[in-house]
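**Student:** The structure under discussion is supplied below as structure tokens; questions concerning it will follow.
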Amino acid sequence: MVGGSGRPCSPQRALLGMVAIVATVVAPCWGTPGRARAAPEEDQLSVGLFRRNAIYGTVGRAEVVYVKMSASSPSLVCMDLSLSQEEIIDPKFSWTGPDGTSLGGQGHVNLTGSGELVLVGFQESMSGAYTCTLSHRILETSAQEEVEVSNTYRFMVYAYREADHADRVSVRFTARGCKLEANARFVEEMKKVVENLISDLMCAVEGPWYRCHSLEVPHGGSPSELFVAFQVNPFAPGWDNLCIPRDCEDTTVRRAQKARDRIAEFFREQTYALKHEFHTIPFIHYVEGSFSVTPIDSCRPGFGRDNVAHWSCAGCCVVCGPGMYSPDSSVSCKVCAGHRAVGYGAKSCP
């Protein structure tokens, strides 16, 4: 029988009360087998040679540049480092973007007269190859002639994000046996309670997963326990509506921390509720001190980690390249077989 103190119904009482009801329904079937339904310190990184916040090109080799989402790129300089130390006669610069069109006059770029390019408010769709051609004259003093020469420089620019941290929560509950329908029903109800706790934070609960084991306890028989795990991430539908555009990642981290604190407090209060709010302990109840949280790195849809291809940004979540996609918060991009036309940052495979 469930006792009460007259206080408003708390999440703890909701969960424990549900357990008492479920256990009571299943109790007459005791003994009958049931179905148990089961990142970097700076915003920009580069492999290339650079002066302060500038990256020089190299003839015959693409320079690799990583730009944090919504930030501006470093200056991409349309010449190599050695040429920048020389006097250049009548230089002309021509920049083209990943789609092969001229970058002159486009709103998301800043072009200087000295051939430097800055990409503003970088997004995943802006990733790709940026190419610049520098044409200039060389005076052949011995022959008193002018020779026009040109050099081409290529920059591979990728959007990246810092890794997000999902939380894997582990917790244990006592059970009357491992073959009761009450176990699966309890775990599903527990998920609903946790989801209600954090729904306003736009955090999602993945799982839960559980296993039931019989434990050998000295002088205590062989009790059964449910080992439950679920994952919490701050990307429930509508999460982006809570973002401040220039501070989205920090806002997301704060929401995840609030969700973690609420869930931890909920399970801490389970022990108090069992001792002070119930005359009869339910069959399924929380094992004191069993709550734990393990941070797990994750990448947002359209991004992933590849420590081989992107070794210079190994801790980053880099935009998925053409022919790749990532539909969830995993840490890797998948091959979209037969669809090389899929562009940067794909979240699905047609």
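Residue numbers (mature numbering (1 follows the signal peptide of the UniProt record, and there is no 0)): -31 to -1, 1 to 319.
By construction, the Cβ of each residue, glycine as well, lies at the ideal position given by its N, Cα and C atoms.
At 3 residues or longer, and completely inside the stretch 271 to 315: list those beta strand (DSSP E) runs for me, N to C.
**Tutor:** 286 to 288
**Student:** What is the rounded straight-line gap between the Cα of residue 126 and the Cα of residue 101?
**Tutor:** 13 Å
**Student:** Would the beta-carbon of residue 287 fall within 8 Å of that of residue 307?
**Tutor:** no
**Student:** Measure the CB-CB distance between residue 202 and residue 298 and report whether it falls below 8 Å.
**Tutor:** It is a contact, given that the beta carbons lie within the stated cut-off.
**Student:** Pick helix, strand or coil for residue 55, following the three-state DSSP scheme.
**Tutor:** Here residue 55 carries a coil assignment [DSSP, helix/strand/coil].
**Student:** According to the Cβ coordinates, are residue 266 and residue 300 closer than 8 Å?
**Tutor:** In contact: residue 266 and residue 300 (Cβ atoms closer than 8 Å).
**Student:** Using a Cβ-Cβ cutoff of less than 6 Å, which residues in the same chain neighbour residue 104 once the five nearest sequence positions on both sides are dropped?
**Tutor:** 61 and 119
**Student:** Skipping 5 residues on each side, what residues in its chain have a beta carbon closer than 8 Å to that of residue 176?
**Tutor:** 160, 198, 199 and 200
**Student:** Beta-carbon separation of residue 170 and residue 232 under 8 Å?
**Tutor:** no
**Student:** Does the stretch 67 to 77 touch the stretch 127 to 142, meaning 3 or more C-beta pairs lie closer than 8 Å?
**Tutor:** no
**Student:** Based on Cα-Cα distance, which residue from 281, 149, 139 and 319 lies nearest to residue 256?
**Tutor:** 139
**Student:** Go to residue 151, then tell me how far its alpha helix (DSSP H) extends in each direction, as first and last residue.
**Tutor:** 150 to 167
**Student:** Check residue 236 in the structure and name its three-state DSSP category.
**Tutor:** helix
**Student:** Quick check on residue 304: buried or exposed, where buried means 16 or more other Cβ atoms within 10 Å of its Cβ?
**Tutor:** exposed
**Student:** What are the complete beta strand (DSSP E) segments, minimum 3 residues, inside the stretch 93 to 119?
**Tutor:** 97 to 109
**Student:** Could you please give me the residues that DSSP links to residue 62 through a beta bridge?
**Tutor:** 103
**Student:** Going by the CB atoms, is the gap between residue 26 and residue 91 shorter than 8 Å?
**Tutor:** No, they are not a contact pair.
**Student:** Note down the Cα distance separating residue 58 from residue 73, rounded to an integer number of angstroms.
**Tutor:** 22 Å
**Student:** Check this for me: beta carbons of residue 284 and residue 314, under 8 Å apart or not?
**Tutor:** Contact: no.
**Student:** Which partner residues of residue 265 appear in the DSSP bridge assignment?
**Tutor:** For residue 265, DSSP records a beta bridge to 135.
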